[in-house]
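Chemist:
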């Protein structure tokens, strides 16, 4: 049997026993009587509940950050009035949540890639310490993370009932992959009850193309099924039947009534019941707007391509931006998924094909963001009708940012602002004086774990990296001058301070941008002799940040 081969051989028996115990516990819990919500409210009032919402690949194209000086939306929609209309349509539910809490306007990922970013947040250990730079395996297969205590695991150990669904860790279900068992949601350790289900905008496995879909002609797939995941287009499947939406309804039902029934990916019915005598931590992972961008036509209609100022001039502007990058940056951007898209567009439509293809993916992404916001709306409606809403903290975050043509790049996996800038809203009803306020100081997703520990008034997990953000939640004017570290693969790092973004690649190449004066990172100051001393200072600061230990925060 190679079922649990991904863990070391000496731990196989223990892992199997734990798996059986968890499955038995889950089955038995389904037989318990339905919790009385009134009793829950009385008992749980000692500790706050948490609703934890993770949104995949959501950049700053939203109703909170979309009009930032550093937003590429300002180039695509240069008319102020039109741009505001687009922003208002993108994420109205996210905007409502922001009015109920504190928005962190400059939040950054530990890494601009799903698995490393989420693993850093959920374990409290950043990639340069754990060595978890990609998501080829479950994080516990790494010696540095085998015995780590995750955020939900820590809460569970301290009296919380933990349950979740969707993409919270890197994947929402376990897999047998090449003979290895990967418990991606970490259900063996982190959760009292996890429901394994597919995720995304469709009603089936994300890589499957169904008859209900009309894929865009600009999606280049010469019969290669491995590319199915990157498709974009329209589906006739109603939103209400899509995976993300149904998953959100499950968490919403738990919030409202304390009980929910749902079938998992294998067709098994789960009856999830909140504990009478415990506060809860409920996690909902929304896969959209991650690819594939396949949603109903109504979302596409919200963002007509005819309104976009994507043209040859903008394409020339993007290419001109590449000239003063470091050699490493120029090599990265010379041939990309974006250039492949443009070339394929030209092969279809001649001279206008590159612009047409660019408009197509931009529209598809915005449409999928609007879909994701409708799913957030399901959760927000339940949160606002929650019988325990006065004692329930909502934490919404996205795992990193996303390029859509800027820097000649599509996707994440860069060390520039667009790929690393994420979203974070903390809505704590116990701090009504701070609702609707904003924090401009740079913070990290790495700070979420210690902040939740503080809000729950639990002792600090001494193995966790990151700062407690509760002083900012209580008073957005709190002085905050911390540098934020981003890492992509081994040896490639960036620092974000209040004023600058400093990048140092493994080969020694450097880039430096003054984000106050140059929010779109158009001028690489590392090329200027008068910044030689400043570069040395930033390099030293980066070295110090890389050496930080948990007790240094």
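Residue numbers (the working numbering): 47 to 599. A virtual CB, placed ideally from N, CA and C, is assigned to each residue, including glycine. Here the structure is a predicted model, which means the values were calculated and not measured.
In whole angstroms, give me the CA-to-CA distance for residue 383 and residue 449.
Modeler: Along the chain shown, one-based indexing puts residue 383 at 337. Along the chain shown, one-based indexing puts residue 449 at 403. One C-alpha to the other measures close to 11 Å.
Chemist: Tell me whether residue 90 is buried or exposed, calling it buried when 16 or more other Cβ atoms sit within 10 Å of its Cβ.
Modeler: On the chain shown, position 44 is the one that residue 90 refers to. At residue 90, the pLDDT of 43 sits below 50, so the modelled position is not reliable and the matter cannot be decided from this model.
Chemist: Residue 558 and residue 580: beta carbons closer than 9 Å?
Modeler: As a first step, residue 558 must be located in the chain shown, where it is residue number 512. As a first step, residue 580 must be located in the chain shown, where it is residue number 534. Yes, the Cβ-Cβ distance between residue 558 and residue 580 is below 9 Å.
Chemist: State whether the segment 145-155 contacts the segment 122-136, with contact taken as three or more CB pairs (one from each stretch) at a distance under 8 Å.
Modeler: No: the two stretches stay apart, fewer than three of their Cβ pairs being nearer than 8 Å.
Chemist: Does the segment 230-242 come close enough to the segment 356-368 that 3 or more CB-CB pairs lie under 8 Å?
Modeler: With a cut-off of 8 Å, the segment 230-242 and the segment 356-368 do not count as touching, because too few Cβ pairs lie within range.
Chemist: By alpha-carbon positions, which one of 404, 349 and 394 ends up nearest to residue 364?
Modeler: Your numbering for residue 364 matches position 318 in the chain shown. It is 404 whose Cα lies nearest to the Cα of residue 364.
Chemist: Taking 9 Å as the threshold (C-beta atoms), are residue 143 and residue 498 in contact?
Modeler: The residue you call residue 498 lines up with position 452 of the chain shown. The residue you call residue 143 lines up with position 97 of the chain shown. Not closer than 9 Å, so no.
Chemist: How big is the Cα-Cα spacing for residue 590 and residue 181?
Modeler: Position 544 of the chain shown, counted from the first residue, corresponds to residue 590. Position 135 of the chain shown, counted from the first residue, corresponds to residue 181. When rounded, the distance between both Cα atoms is 27 Å.
Chemist: Restricting to Cα atoms, I'd like to know which of 118, 100 and 110 is closest to residue 455.
Modeler: Numbered from 1 along the chain shown, position 409 holds the residue referred to as residue 455. Looking at the Cα atoms, 118 is the closest of the given residues.
Chemist: Residues bridged to residue 278 by DSSP?
Modeler: Your numbering for residue 278 matches position 232 in the chain shown. Looking at the DSSP assignment, residue 278 forms a beta bridge with 339.
Chemist: Helix, strand or coil: which one does DSSP assign to residue 315?
Modeler: Taking the first residue of the chain shown as 1, we reach residue 315 at position 269. Reduced to three states, the DSSP call for residue 315 is strand.
Chemist: List the endpoints of the continuous beta strand (DSSP E) containing residue 441.
Modeler: By one-based count along the chain shown, residue 441 stands at place 395. Counting along the chain, the beta strand (DSSP E) containing residue 441 begins and ends at 438-444.
Chemist: Cα separation between residue 111 and residue 105?
Modeler: Along the chain shown, read from residue 1 onward, the residue named residue 111 stands at position 65. Along the chain shown, read from residue 1 onward, the residue named residue 105 stands at position 59. Rounded to the nearest angstrom, the two C-alpha atoms are 9 Å apart.
Chemist: Which residue wins for smallest C-alpha separation from residue 482, given the options 518, 301 and 194?
Modeler: Along the chain shown, one-based indexing puts residue 482 at 436. For the residues 518, 301 and 194, the minimum Cα distance to residue 482 belongs to 518.
Chemist: So who's on the other strand from residue 529, going by DSSP bridges?
Modeler: The residue labelled residue 529 in the question sits at position 483 within the chain shown. Beta-bridge pairing links residue 529 to no other residue.
Chemist: Looking only at its own chain, which residues have a Cβ that is under 7 Å from the Cβ of residue 310, when we skip the five neighbours before and after it?
Modeler: Start at 1 with the first residue of the chain shown, and residue 310 comes out as number 264. Counting only Cβ-Cβ distances below 7 Å, and skipping sequence neighbours, we find 241, 242, 243 and 316.
Chemist: Which first and last residues belong to the alpha helix (DSSP H) in which residue 430 is found?
Modeler: Taking the chain shown and counting its residues from 1, the one referred to as residue 430 is at position 384. Unbroken alpha helix (DSSP H) run through residue 430: 399-430.
Chemist: Starting from the Cα of residue 422, find the closest Cα among 215, 457, 292 and 159 and give me that residue.
Modeler: By one-based count along the chain shown, residue 422 stands at place 376. Of 215, 457, 292 and 159, the residue nearest in Cα terms is 292.
Chemist: What would DSSP say about residue 471, mapped onto helix, strand or coil?
Modeler: Position 425 of the chain shown holds residue 471. Three-state result, residue 471: strand.
Chemist: Would residue 145 be called buried (16 or more neighbouring beta carbons within 10 Å of its own) or exposed?
Modeler: Translated into the one-based positions of the chain shown, residue 145 becomes position 99. It counts as exposed.
Chemist: Whole-angstrom Cβ separation of residue 220 and residue 228, contact assumed at under 8 Å?
Modeler: Residue numbering aside, residue 220 sits at position 174 when the chain shown is read from its first letter. Residue numbering aside, residue 228 sits at position 182 when the chain shown is read from its first letter. Residue 220 to residue 228, Cβ: 6 Å. Contact.
Chemist: Should residue 445 and residue 164 be called a contact, given that it needs their Cβ atoms to be closer than 9 Å?
Modeler: Residue numbering aside, residue 445 sits at position 399 when the chain shown is read from its first letter. Residue numbering aside, residue 164 sits at position 118 when the chain shown is read from its first letter. Yes, these two residues count as a Cβ contact at 9 Å.
Chemist: Rounded to the nearest angstrom, what separates residue 166 and residue 504 at their Cα positions?
Modeler: The residue given as residue 166 occupies position 120 in the chain shown. The residue given as residue 504 occupies position 458 in the chain shown. C-alpha separation (whole angstroms): 20 Å.
Chemist: Using CA atoms only, rank isn't needed, just tell me which of 415, 102, 192 and 360 is closest to residue 348.
Modeler: Against the chain shown, residue 348 aligns to sequence position 302. Of 415, 102, 192 and 360, the residue nearest in Cα terms is 415.
Chemist: Which full runs of the beta strand (DSSP E) of 3+ residues lie inside the segment 233-297, going along the chain?
Modeler: You should have 239-241, 259-261 and 278-281.
Chemist: May I ask you to verify whether the segment 317-337 touches the segment 254-274, counting CB pairs closer than 8 Å and requiring at least 3?
Modeler: The segment 317-337 is not in contact with the segment 254-274.
Chemist: Starting from residue 581, trace the alpha helix (DSSP H) both ways and give me its first and last residue.
Modeler: As a position in the chain shown, residue 581 is number 535, starting the count at 1. Counting along the chain, the alpha helix (DSSP H) containing residue 581 begins and ends at 578-592.
Chemist: Is it buried or exposed for residue 575, if we count other Cβ within 10 angstroms and need 16 for buried?
Modeler: Mapped onto the chain shown, residue 575 falls at position 529. Residue 575 should be labelled exposed.
Chemist: Looking at the structure shown, is residue 101 part of a helix, part of a strand, or coil, going by DSSP?
Modeler: Along the chain shown, read from residue 1 onward, the residue named residue 101 stands at position 55. Correct three-state label for residue 101: strand.
Chemist: For residue 31, which residues in the same chain have their Cβ closer than 7 Å to its Cβ, ignoring the five residues on either side in sequence?
Modeler: Residue 31 cannot be examined here, being either before or after the span of the chain that is shown, 47 to 599.
Chemist: Please identify the residue among 93, 351, 367 and 469 whose C-alpha is closest to the C-alpha of residue 12.
Modeler: Examination of residue 12 is not possible in this model, given that the chain is present from 47 through 599 alone.
Chemist: Would a C-beta distance cut-off of 9 Å place residue 440 and residue 96 closer than the cut-off?
Modeler: Here residue 440 is taken as the residue at index 394 of the chain shown, counted from 1. Here residue 96 is taken as the residue at index 50 of the chain shown, counted from 1. Yes, these two residues count as a Cβ contact at 9 Å.
Chemist: Round the Cβ separation of residue 173 and residue 533 to the nearest angstrom and send it over; I've been treating them as touching at under 8 Å.
Modeler: As a first step, residue 173 is located in the chain shown; it is residue number 127 there, counting from the start. As a first step, residue 533 is located in the chain shown; it is residue number 487 there, counting from the start. Right, the Cβ-Cβ distance comes to about 5 Å (below 8 Å), so this counts as a contact.
Chemist: Do residue 281 and residue 248 have their C-beta atoms closer together than 9 Å?
Modeler: For the purposes of this step, residue 281 is taken as the residue at position 235 of the chain shown. For the purposes of this step, residue 248 is taken as the residue at position 202 of the chain shown. Yes, the pair counts as a contact, with Cβ atoms nearer than the cut-off.
Chemist: Going along the chain, which residues of its own chain have a beta-carbon closer than 8 Å to the beta-carbon of residue 203, five neighbours each way excluded?
Modeler: The sequence position of residue 203 within the chain shown is 157, counting from 1. Contacts found: 195.
Chemist: Pick helix, strand or coil for residue 191, following the three-state DSSP scheme.
Modeler: Position 145 of the chain shown holds residue 191. In this structure, residue 191 counts as coil in the three-state DSSP scheme.
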